[in-house]
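K.L.:
Pasting a structure below so you can have a look.
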Amino acid sequence: MRKGLMNKVWRHLTCPSLLALAVAVAVAAPAIAGSQTVDGADKTGFSQAEMLAFHEQVTKNWNIPADLPHANKVRVAVHMKLDRSGQIIGSPEVTATGGPEQTRNAVAKRASRAVLRSAPFKNLPLDKYDAWKEVIINFDTSNLAH
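Counting the sequence shown from 1 gives a position; this note's numbering is that position plus 11.
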């Protein structure tokens, strides 16, 4: 995948343990940005393939209606804890900012639904569980045309 295309879409998927996975689910095409080593792994040891697999699992469940006013101004963060099998523990915490309240609530609900439908998260390296047991996925809609 071309790096230029990749940088257009992904913005952030962060873990409190400084995991530099990147996910911004703005359009269907996946992309990766973040602090990476020469071999394509990020500073926590995650490969681009591992980051891409996580991203693709979420993006297949993420959509926003085309007629939602000012959806491109909304940012959503979904904070969740995962068990070793990739299942979500408890309820994810959703924080949304920007845009009109009705739009913000609709985008937040869709982001939460995308994350819940994506579970269990597959192919996460068990030897790196401490790095991904707590994840914040940032949904960035700024690339939407509204």
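We put the beta carbon where it would ideally sit given N, CA and C, even for glycine. Bear in mind that the values here come from a model prediction, so they are computed numbers and not experimental data.
Starting from His66, follow the alpha helix (DSSP H) in both directions and report where the run begins and ends.
P.N.:
Run containing His66: 59 to 70, per the alpha helix (DSSP H) assignment.
K.L.:
DSSP puts Lys92 in a beta bridge; with which residues?
P.N.:
For Lys92, which the question treats as bridged, DSSP gives the partners Ile100, Glu145.
K.L.:
With respect to the alpha helix (DSSP H) encompassing Lys120, which residues constitute its N-terminal and C-terminal limits?
P.N.:
That run of the alpha helix (DSSP H) goes 112 to 129.
K.L.:
How about Gly97 and Ala142: are their beta carbons less than 8 angstroms apart?
P.N.:
No, the pair does not count as a contact, with Cβ atoms beyond the cut-off.
K.L.:
Taking the alpha carbon of Asp78 as the reference point, which residue from Thr70, Thr114, Asp94, Ala64 has its own alpha carbon closest?
P.N.:
Looking at the Cα atoms, Thr114 is the closest of the given residues.
K.L.:
Drop a sphere of 10 angstroms on the beta-carbon of Pro103, count the other beta-carbons inside from all chains shown, and report buried for 16 or more, exposed for fewer.
P.N.:
Buried, since its Cβ has 16 or more Cβ neighbours within 10 Å.
K.L.:
Is the beta carbon of Val85 less than 8 angstroms from the beta carbon of Ala107?
P.N.:
Against a cut-off of 8 angstroms, the Cβ pair of Ala107 and Val85 comes out as a contact.
K.L.:
Per DSSP, what kind of secondary structure is Ala107 in: helix, strand or coil?
P.N.:
In the structure shown, Ala107 sits in a strand (DSSP, three-state: E or B).
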